[in-house]
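Note that this note's numbering has the sequence shown beginning at 214, numbered continuously upward. Virtual Cβ for every residue (Gly too), placed ideally from N, Cα, C.
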Amino acid sequence: MQIEIPVIAIDGPSASGKGTVAALVAARLGWNYLDSGSLYRIVALAASRGGVALDAETELAALAQRLPARFRQGQVLLDGDDVTDAIRSEACSAGASRVAALEGVRTALLELQRAYRQVPGLVAEGRDMGSVVFPDAALKVFLTASVESRAQRRYKQLIEKGLPVTLDDLLQDLRERDARDAGRAVAPLQQCADALLLDTTAMTIDQAVGRIVMWAGERFAV
Ligand code: DC
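In C-alpha cells:
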C-alpha cells in the first residue's frame, strides 16, 4: 500500500507573512518546506543573467525545466553561485511576477515543486499550492492580512535595513502586485473553497503559527 505523504498548502498575497509563518510551521512539525515563489524568482534571475527576455515563453519554460538551482541551509544557489539576496531585489520581484504569468513556465515548474513532497510531510507556500500544485493537500490555508498592515510590515522591515522607502509607494506597489497575481489568466491567486481563512491583520507571527499547528493536529497524527 502506498502511504500518502501529508501536505499543508499555504497560499496568500504578497507580504502577508506566509513565508515566515510557513517556515516556522515546517520547523515545528519537522516537515520539509517549499517556498515556491523563490523558484519564479530564480527563473527571472537566470533569465536576466542569460539574456533571455521576460516574455520569451518557450525559452523561459526551457530554462525553468532545467533550472540549475539548489537550496542549502537557507541559501539559494544558482549554478553554484549564492543568489539568496539577489532573488529578493525589487527587480527580481517584478521579473518573477512577469514570468509567473506564463503558462509554459508554470507547467515546467510543476514536477520540481511536487518533488518536495517527501516524508514525513511538506509545508508548501505560494499562490497556487492548494489549487494547482497540491490539490489533494489535506490542510489548505489562505493566509492574508489587510493591504495596509502588509504595507506597514514591509515598511518596517525595509526601514530597519536602512532602505529609502515610503509607505505610500509600498501601498501602491502591493495593490498593483495583488491585482496582477489575482487577475492573471493562469493559476490566479484565489482562496480555494476548501481552504481555511487565516486573517493575520491583528495577529502576531507566533499566533498564526500556533493556529496552523493546531489545525494540523486536528487533521494529521502530528
Ligand atoms: O511569494 P513571492 O513574493 O516570493 O513570489 C514571487 C512571485 O511569484 C509573485 O509575483 C507571485 C509569483 N508566484 C506564483 O505565481 N505562484 C506561486 N506558487 C508562488 C509565487
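Residues sharing a beta bridge with residue i, DSSP
{"i": "residue 411", "result": "356"}
{"i": "residue 303", "result": "Partner(s): none; residue 303 has no beta bridge."}
{"i": "residue 248", "result": "338"}
{"i": "residue 223", "result": "338, 354"}
{"i": "residue 294", "result": "291"}
Expected contact under 8 Å - CB spacing of residue i and residue j to nearest Å
{"i": "residue 429", "j": "residue 242", "result": "6 Å"}
{"i": "residue 248", "j": "residue 342", "result": "So it is not a contact: roughly 11 Å between Cβ atoms."}
{"i": "residue 360", "j": "residue 390", "result": "About 10 Å; that fails the 8 Å criterion."}
Enclosing beta strand (DSSP E) for residue i [first to last residue]
{"i": "residue 290", "result": "288 to 291"}
{"i": "residue 283", "result": "282 to 285"}
{"i": "residue 351", "result": "Neither: residue 351 is in no beta strand (DSSP E) and is coded neither H nor E."}
Check whether residue i and residue j have beta carbons under 8 Å apart
{"i": "residue 383", "j": "residue 367", "result": "yes"}
{"i": "residue 354", "j": "residue 239", "result": "no"}
{"i": "residue 319", "j": "residue 220", "result": "no"}
{"i": "residue 260", "j": "residue 309", "result": "no"}
{"i": "residue 280", "j": "residue 315", "result": "no"}
{"i": "residue 413", "j": "residue 229", "result": "yes"}
Opening and closing residue of the alpha helix (DSSP H) in which residue i lies
{"i": "residue 399", "result": "It is not in any alpha helix (DSSP H) - residue 399 carries neither H nor E in the DSSP assignment."}
{"i": "residue 427", "result": "418 to 432"}
{"i": "residue 404", "result": "Here residue 404 belongs to no alpha helix (DSSP H), and DSSP marks it neither H nor E."}
{"i": "residue 232", "result": "231 to 242"}
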